[in-house]
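Let me begin by presenting the structure, written as structure tokens, before commenting on it.
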Amino acid sequence: MEVSLNFTEEPNPVVIGCPQGFPNYSNIQILTKNGEDISEPQTRKVIKLSNDQMTWIGRQNHISSNNFVGVHQGNTISLHPVLLQATLQQQIHKQNKQLQSRNSALEDGLTYFEQRKMVAEEMGTNKSRRKMRQMETNKVEEENIVQAESIKEKFNQKQQEIQEQLEVEKEIHQMEEAAIKEELLPEFVKGNVPVFQIYNVRSIVSEEDMELLDTSKLQVFVSTKREDTLHHYHPQVIQIAQGLIFDNKTKLTILKYLEYLNILFKFQFKQQFQNKNAQNIAHELGIYNHKLVTPILEKFYQATPGQGENVFNFSRSNFLKDKYICYIIVLHLFIHKFQFDIIPLAKHLKLDIKKLIMYCKECGCTVTKNNEKQIAKLKQFKQ
Numbered sequence: 000m001e002v003s004l005n006f007t008e009e010p011n012p013v014v015i016g017c018p019q020g021f022p023n024y025s026n027i028q029i030l031t032k033n034g035e036d037i038s039e040p041q042t043r044k045v046i047k048l049s050n051d052q053m054t055w056i057g058r059q060n061h062i063s064s065n066n067f068v069g070v071h072q073g074n075t076i077s078l079h080p081v082l083l084q085a086t087l088q089q090q091i092h093k094q095n096k097q098l099q100s101r102n103s104a105l106e107d108g109l110t111y112f113e114q115r116k117m118v119a120e121e122m123g124t125n126k127s128r129r130k131m132r133q134m135e136t137n138k139v140e141e142e143n144i145v146q147a148e149s150i151k152e153k154f155n156q157k158q159q160e161i162q163e164q165l166e167v168e169k170e171i172h173q174m175e176e177a178a179i180k181e182e183l184l185p186e187f188v189k190g191n192v193p194v195f196q197i198y199n200v201r202s203i204v205s206e207e208d209m210e211l212l213d214t215s216k217l218q219v220f221v222s223t224k225r226e227d228t229l230h231h232y233h234p235q236v237i238q239i240a241q242g243l244i245f246d247n248k249t250k251l252t253i254l255k256y257l258e259y260l261n262i263l264f265k266f267q268f269k270q271q272f273q274n275k276n277a278q279n280i281a282h283e284l285g286i287y288n289h290k291l292v293t294p295i296l297e298k299f300y301q302a303t304p305g306q307g308e309n310v311f312n313f314s315r316s317n318f319l320k321d322k323y324i325c326y327i328i329v330l331h332l333f334i335h336k337f338q339f340d341i342i343p344l345a346k347h348l349k350l351d352i353k354k355l356i357m358y359c360k361e362c363g364c365t366v367t368k369n370n371e372k373q374i375a376k377l378k379q380f381k382q
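For the sequence shown, our numbering gives the first residue as 0, with consecutive numbering after it.
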């Protein structure tokens, strides 16, 4: 820090104001105009006199006074820290100037912050000026606050509208999913009902079908275990028949379900039929009664008119293929008292086990691993 004072030859005292104080009085070095050092030899240089100016260089003072009187003594000047009346006059002048600035600010309609900023710029320290500039940078205008509140309100309103729309879409999705499930699966009941009442087996095998089914070959096989009696039967049906333990009450019913399962398996790789009817298809697949074929075509195929009289083109979409697999799974549940190992079925349907697990879950089953088996067990549908 440097404080400069014009030097004259007049002997009158000159008042010097040092804002940051003055070094220890005993450490003052006084030089003449000619550069001669007339201070004590052990003192450090604090004051130097060159040309017609006296320049003070030093640190913060340890004494209370910031005002000094410079008294000429020949070609030298000595400084004495004093408290002068001029200090009070300077303070009054400073206060009047601040008051004048504030009144001017009020007349100009300045805000309190703007007044503070103006005072800091005119009379404040560098630190106060930096602080006011920082506050101005961080200042948020009132209109921006109002705008932010409006944006927040609109955002909350929009968020609520989106939430309501999502709830509606969720409800629609659930309704669509329920409709698809009803179309995909045999007739079923939701809620707390016994497991054997969840599905209506007659939606798979009707009473008319039950009357038409011929179980004579299966009965012979169960009694004799001769595989040649089931020469044209599906391997999955033979495997099930070998492992089942029948009781007299349900034996005939289970055998009829097995017989119908065997007929269903005949359609496994038949994605379409061209210019055919139920009689033609029954003959092609070796089914002894065409009346058993008709409901299968109605459930699992789409029919369009063929080229000829009373013939149709039948095709099975991916959705109808899914439906076909689900019906086979549910029929297995009835045959196996509502739980069975799905690994053999996955092999015969040529499905990845993970995909068959997905089908089983769609049918309302839980699937758990038990040693080398994957057991699907029917559970209740939620309401």
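Where is the CB? At the ideal position from N, CA and C, for every residue including glycine. It should be emphasised that the depicted structure is a prediction, and the values quoted were computed from it without experimental measurement.
Contact under 8 Å by Cβ, residue i with residue j
i    : j    : result
G305 : F311 : yes
A281 : N288 : yes
Y232 : I334 : no
Y266 : V236 : One point to set straight first is that residue 266 is Phe, not Tyr, in the sequence displayed. Taking 8 Å as the Cβ cut-off, F266 and V236 do not qualify as a contacting pair.
Q301 : S316 : yes
K353 : C364 : no
P185 : V366 : no
F187 : I197 : yes
K189 : F380 : yes
K290 : L350 : no
I239 : F245 : no
N276 : N247 : no
Extent of the continuous beta strand (DSSP E) to which residue i belongs
i    : result
C325 : Segment 317-334 is the alpha helix (DSSP H) holding C325; no beta strand (DSSP E) there.
T252 : Element bounds for T252: not the beta strand (DSSP E) but the alpha helix (DSSP H), 250-264.
S314 : 311-314
V366 : 364-369
K383 : Limits of the chain in this structure are 0 at one end and 382 at the other, which puts residue 383 out of reach.
Inter-residue CB distance, residue i and residue j (contact presumed, cutoff 8 Å)
i    : j    : result
I324 : L348 : 7 Å
Span separating the alpha-carbon of residue i from that of residue j
i    : j    : result
Q218 : S205 : 21 Å
E222 : D340 : Per the sequence presented here, residue 222 reads as Ser, with Glu not at that position. So the two alpha carbons sit approximately 24 Å from each other.
S25  : F112 : With a pLDDT of 39 at S25, under the threshold of 50, the modelled position of this residue cannot be trusted, and the question is left open.
I356 : I150 : 49 Å
R115 : E168 : 57 Å
N137 : K130 : 11 Å
H61  : M134 : Its pLDDT being 34, under 50, H61 is placed unreliably by the model, and nothing is read from it.
K216 : E226 : 10 Å
E361 : T214 : 31 Å
P294 : L332 : 21 Å
N370 : Q278 : 46 Å
I286 : L296 : 13 Å
A119 : T110 : 14 Å
M174 : Q241 : 43 Å
Q158 : E152 : 10 Å
Residue i, enclosing alpha helix (DSSP H) - first and last residue
i    : result
T293 : 292-299
D208 : 206-211
C359 : 352-361
Q133 : 125-137
V278 : One point to set straight first is that residue 278 is Gln, not Val, in the sequence displayed. Run containing Q278: 277-284, per the alpha helix (DSSP H) assignment.
Q. Would you say the region 164-184 touches the region 250-265, given that touching needs at least three Cβ pairs under 8 Å?
A. No, the region 164-184 does not touch the region 250-265.
Q: Tell me, please, whether the region 328-345 touches the region 162-180 by the rule of three or more beta-carbon pairs shorter than 8 Å.
A: Contact between the region 328-345 and the region 162-180 is absent, because fewer than three Cβ pairs lie under 8 Å.
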